[in-house]
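Asker: To start, I am sharing the structure in question, which I have written as structure tokens.
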Amino acid sequence: MFAAEFARLWMKITKDWKMHLDEALAPALTESQLNVLELLLEHQPMKPSDMLHYLSTTPAAITTLLDRMERGGLIARTRDETDRRIVWVTATDRGLREARRGVEIRERYIGQALDRISAHNQQLLIYLLGKIADEPIVRPAAAGDER
């Protein structure tokens with residue numbers, strides 16, 4: 001019923017969000033790098049393979065991203081002392097500073113957007129987005145499917 005309008009607004013919000021974050025985080029950080037650093041803040045040290053679940057990407061993309069972050073001094077990779085096949089990833093001091101800066105930029109941007117509506121409507125928006133995000137999508141049965 002409202003799918004087209006929702007899609008239009010969602011696309012505008014995500015486009016504006018990405019553009020703002022890309023500009024504000026540059027040149028030291030990208031949004032993807034911020035996501036990795038935030039993950040490390042919660043769970044470090046981590047193996048790159050453990051990041052896959054949280055970042056919804058491919059092993060090759062994680063490796064490329066971590067390579068770039070290591071060159072930029074945001075993360076450090078170390079071999080496990082008991083099993084040299086295992087590589088542990090941790091945020092460096094620079095990575096921690098950039099993570100805090102990135103989170104502050106993002107929270108300020110979101111705060112400014114949410115300030116346009118009342119506290120009650122902010123709570124309602126969060127509640128409704130949670131309903132959308134947590135509910136499984138029920139797909140219509142394809143022709144010939146029996147349910």
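All residue numbers for the sequence shown refer to the UniProt record's numbering, where the first residue is 1 and numbers rise by one.
Ideal Cβ placement from N, Cα and C applies to all residues, glycine included.
(1) Return the first residue and the last residue of the alpha helix (DSSP H) that R97 is part of.
(2) By how many angstroms is the C-alpha of S49 removed from the C-alpha of Q112?
(3) When the Cα of E31 is compared with those of R71, D134, M46 and L55, which residue comes out closest?
(4) Tell me the DSSP secondary structure of Q24 in three-state form.
(5) Closer than 8 Å to a non-hydrogen atom of the ligand FAD - does that hold for the CB of K131?
(6) Residue 205 to F6, Cα distance in whole Å?
Answerer: Taking the definition as stated:
(1) Run containing R97: D93 to L114, per the alpha helix (DSSP H) assignment.
(2) Whole-angstrom Cα-Cα distance: 36 Å.
(3) When R71, D134, M46 and L55 are compared, the shortest CA-CA separation from E31 is found for L55.
(4) The sequence shown places Ala at residue 24, not Gln. Per DSSP, reduced to three states, the secondary structure at A24 is helical.
(5) Ligands displayed in this structure: none; no statement on the ligand FAD is therefore possible.
(6) There is no way to answer for residue 205, as the model of the chain reaches only from 1 to 147.
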